[in-house]
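A short write-up of the structure that comes next.
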DNA sequence: CTAAATGCAAAGCATTTGCAAATAT
DNA sequence: ATATTTGCAAATGCTTTGCATTTAG
């Protein structure tokens, strides 16, 4: 992946820690700070939470990463991508992304509220297909 | 309002602190812990944050209250009401509720993901009508 | 070479817990 | 009368800050 260019684009130094953070987030899709810390320790036994927080924060500030707030869960972080909806499984905690055009909903909201809508954060929760299957066995 | 019955329904004791918490949340619509603490101190100068947290937690557990997670904001609390969407103004931080049927969106999501959807948390952010007006002056 | 990043320790907030005293039922 | 709640103080947990050292460009 070309994290290197992304980092350089924002004048952030390309450090091995940052590359690994981005790589883990890419692999996992969504991850919280603690899980990220545990995974990073495999490659960087002395990495500190301070480093992780600093990096997550600067990369969120530069919109390389996005923070995902999910009810009753620790914040998750993901690579910034095109607008999408989050789906969380309340059984297994798996989070999926789903791309769906919501311009319809957005116009309805603007009409009804007279707000000028700029952004959104949409999370649905339920049971994922795997857990549904396991339930019926 | 009939907070008394609601509390009794969940076998929670009707204390003046709880009534005031519910009354403030009702009045403000959405409030964070700090603001709630400041307002409560007017009537209960010795109230402690521990009491507030304990009450918010038990009332959330009993679904009397709901927690609202909004990007870049402290958690807000509201009285549990019929499903609705939250709209936050990025200029003035005002939060509005908007009731809109989203069954359409929900079926699309279920179709596309094979999840059985149970709940949702939808937050749109933008500029509220008042701030839009002030911007153009 | 120098500006930024890392990692440690300490500080700063937010939230929870334990417990004695007060209160609701 | 009893179980719950309150409010204090202490503890815990999460995140940030300061600073000396290291590293990227």
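Protein chains in written order, with the numbering used here: chain A, 1 to 137; chain B, 138 to 274. Cβ atoms here follow ideal geometry from the backbone N, Cα and C, with glycine treated the same way.
First and last residue of the alpha helix (DSSP H) that includes residue i?
i: residue 257/B; result: Segment 253-264 is the beta strand (DSSP E) holding residue 257/B; no alpha helix (DSSP H) there.
i: residue 161/A; result: Missing from the structure shown is residue 161/A; chain A here goes from 1 to 137 and no further.
i: residue 46/A; result: Residue 46/A -> no alpha helix (DSSP H), and no H or E assigned at all.
i: residue 137/A; result: Note, residue 137/A: premise wrong, no alpha helix (DSSP H); not H, not E.
i: residue 109/A; result: 103-113
Roughly how many angstroms separate the alpha carbons of residue i and residue j, rounded to a whole number?
i: residue 160/B; j: residue 257/B; result: 26 Å
i: residue 17/A; j: residue 44/A; result: 8 Å
i: residue 76/A; j: residue 8/A; result: 24 Å
i: residue 2/A; j: residue 35/A; result: 23 Å
i: residue 33/A; j: residue 169/B; result: 24 Å
i: residue 196/B; j: residue 6/A; result: 45 Å
i: residue 174/B; j: residue 250/B; result: 42 Å
i: residue 83/A; j: residue 130/A; result: 25 Å
i: residue 206/B; j: residue 134/A; result: 30 Å
i: residue 65/A; j: residue 128/A; result: 25 Å
i: residue 254/B; j: residue 71/A; result: 15 Å
i: residue 56/A; j: residue 25/A; result: 11 Å
i: residue 29/A; j: residue 78/A; result: 6 Å
i: residue 12/A; j: residue 27/A; result: 21 Å
i: residue 81/A; j: residue 177/B; result: 42 Å
i: residue 139/A; j: residue 61/A; result: In this structure chain A extends from 1 to 137, so residue 139/A is not present and cannot be described.
i: residue 115/A; j: residue 100/A; result: 22 Å
i: residue 10/A; j: residue 50/A; result: 21 Å
i: residue 132/A; j: residue 269/B; result: 46 Å
i: residue 185/B; j: residue 93/A; result: 34 Å
i: residue 95/A; j: residue 244/B; result: 18 Å
i: residue 4/A; j: residue 74/A; result: 28 Å
Between which two residues does the beta strand (DSSP E) holding residue i run?
i: residue 87/A; result: 85-89
i: residue 235/B; result: 232-235
i: residue 76/A; result: 76-79
i: residue 149/B; result: No beta strand (DSSP E) contains residue 149/B, which DSSP labels as neither H nor E.
Since residue i contacts residue j with CB under 8 Å, what's their CB separation in whole angstroms?
i: residue 239/B; j: residue 105/A; result: 7 Å
i: residue 246/B; j: residue 222/B; result: Not a contact, Cβ separation roughly 15 Å.
i: residue 262/B; j: residue 225/B; result: 5 Å
Taking Cβ-Cβ distances below 7 Å as the criterion, which residues of the stretch 109-135 of chain A are in contact with chain B?
109, 112, 113, 114, 115, 116, 117, 118, 119, 120, 121, 122, 123, 124, 125, 126, 127, 128, 129, 132
If you measure beta-carbon to beta-carbon, which residues of the stretch 212-239 of chain B are closer than 8 Å to chain A?
222, 224, 226, 227, 233, 235, 237, 239
Mind checking the stretch 53-70 of chain A against chain B and listing, in chain order, the residues whose C-beta falls within less than 8 Å of any C-beta there?
67, 69, 70
Along the stretch 10-21 of chain A, where does the CB come closer than 7 Å to a CB of chain B? Name the residues.
none
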